[in-house]
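In my numbering, the protein residues as written are 35 to 462.
Idealized CB from N, CA, C, for every residue including glycine.
One structure is given below, encoded as structure tokens.
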RNA sequence: GCGGUCGUAGCUCAAUGGUAGAGCACGAGCUUGUGGUGCUCGGUGUUGCGGGUUCGAGUCCCGUCGAUCGCCCCA
């Protein structure tokens, strides 16, 4: 048996890089679900959910063997049946797998889907980076038109705006296609061959394995060298060039803030043509969302070309930003009433009444463990309930309930049978 | 995977190697059927865990787990 690092210290704790989402953050997460669902519906994206566990090969082939995700961040293990499985590191490859497996092209053309859920990458945890984190994604599968590249950007921006985030900008580039990228890569390698002595050791590794990534090194010397490097825009084929131009045109038509960035590459091999990130002007190195076109993924996974474009949003990062900026989580919350019970008899009757109120769609809070009226009112106050419904011995006997307005302190006694109507009246 | 910092009450944090504390929160009471303000009382803890040095360790050393920052990379 291997050592069980989770079992060591007496109180159990989350395993490294995992985190609990606690009730105190409920408003943030629920605002994302609610707004995300609303935005998805308005933009006509359908829900899809794929399993958290997939075959390793899906990502090795889909994302690319030379990428960091596959090279060192795969959260993989052997099952009892001795298959090697992996906790999905991202959402796009599984969705393409699902598209091919279930022939989803027949469902609609193009297929527009959204997903959300946990993703896993085995790397060193840091702020804004966890081993388990959540992404929300949108994918359009089965269309090559730049129309959808930009629609993907729009749905992302609309989502973030609806959450209350302002000042967003798109960083955009194109990485070409199979026709033009090899030519460019060759030129890039040619250029860096003469510079090999001057670049950092990570860049030497990039030079060997994934030359395009030379472009986003952050070391100062490498940045300087990069200034003289050829840029892909000069090597695009006819198709990629006009695709990019169309995308930029549509971006301008829609008045999206954007900035072309010839050095933007992104870490997954499946991208072709358009790539982009959604950033905040102040903190441009930590993207809130990233995406692009992946016209070859279908072919890699299924043997035929399926053009597609998509985006994924990093939910922890978004929430972190919303908190930092003290943006109010946009959530429509129901007003609540607090049900106070005093005495055993009242507690028994109380549960039936509470349930009756809830069946009438009234949000009812209670804390029957606190014995005294005083303590229950204290909690009612803390929960900011509009009304307290008080059921004590006297009320039980008289078959009434006392309704207390928590703001004014005014109390009225109403017959139990009218409780729903009387409560609703006072909630308005 | 590499380098730095940190880990004390539910939370935020204090304690020259010498009796573990404060604020907030929480609980009880002033007020036995009435919240918000006020007053009184209460420390709720295996100082992350394990070992070592020492008469004595929250404090020093080693290990470990976790967090955090930078690198790598990314959402």
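Query                                                                                                                             : Result
Spatial neighbours of residue 394 in its chain, beta-carbon cut-off 6 Å, leaving aside the 5 residues before and after            : 454
6 Å CB neighbourhood of residue 250 in its chain, flanking five on each side removed                                              : 297 and 299
Alpha carbon of residue 256 to alpha carbon of residue 262, nearest angstrom                                                      : 10 Å
For residue 146 and residue 78, believed in contact at Cβ under 8 Å, the rounded distance                                         : 6 Å
DSSP three-state assignment for residue 41, whether helix, strand or coil                                                         : Note on residue 41: pLDDT 35, under 50, position unreliable in the model; no value is reported.
Extent of the continuous beta strand (DSSP E) to which residue 151 belongs                                                        : 145–154
Residue 434 - DSSP class collapsed to helix/strand/coil                                                                           : strand
Sheet register partners of residue 205 (DSSP bridge)                                                                              : 293 and 311
Residue 427 versus 409, 62, 383 and 360, residue with shortest Cα-Cα distance                                                     : 383
Residues bridged to residue 170 [DSSP beta-bridge criterion]                                                                      : 150 and 347
Same chain only: Cβ atoms within 7 Å of residue 219, ignoring 5 sequence neighbours per side                                      : 245 and 246
Proximity to residue 166 [Cα-Cα], best of 153, 178, 174 and 233                                                                   : 153
Simplified DSSP assignment, three categories, for residue 163                                                                     : strand
Buried versus exposed call for residue 49 [16 or more other C-beta atoms within 10 Å across all chains shown]                     : exposed
Rounded straight-line distance, which links the Cα of residue 144 to that of residue 227                                          : 43 Å
Rounded Cβ spacing between residue 414 and residue 406 (contact assumed at less than 8 Å)                                         : Not really, about 12 Å apart at Cβ, beyond 8 Å.
Distance between beta carbons of residue 371 and residue 398, contact taken as under 8 Å                                          : 6 Å
Proximity winner among 402, 53 and 162, relative to residue 425 (alpha-carbon distances)                                          : 402
Distance, residue 392 Cα to residue 178 Cα                                                                                        : 50 Å
Whole-number beta carbon distance between residue 123 and residue 280, since they are thought to touch under 8 Å                  : About 31 Å; that fails the 8 Å criterion.
Chain-order list of residues whose beta-carbon lies under 8 Å from that of residue 285 (same chain, five-residue window excluded) : 184, 187, 204, 206 and 292
Residue range of the unbroken alpha helix (DSSP H) whose run includes residue 336                                                 : 331–336
CA-to-CA distance, residue 462 to residue 209, given in whole angstroms                                                           : 56 Å
Cβ-based burial, residue 307 [other Cβ within 10 Å; buried from 16]                                                               : buried
Residue(s) in a DSSP beta bridge with residue 445                                                                                 : 438
Close-in-space but distant-in-sequence residues of the same chain around residue 42 (CB under 8 Å, 5 per side omitted)            : For residue 42, the pLDDT reaches just 37, beneath the cut-off of 50, and the residue's location in the model is therefore unreliable, leaving the point undetermined.
Delimiting residues of the beta strand (DSSP E) encompassing residue 400                                                          : 397–400
Simplified DSSP state of residue 197, which is helix, strand or coil                                                              : coil
Own chain residues within Cβ distance below 6 Å of residue 108, not counting five before or after                                 : 120
Whole-number beta carbon distance between residue 331 and residue 169, since they are thought to touch under 8 Å                  : Not really, about 17 Å apart at Cβ, beyond 8 Å.
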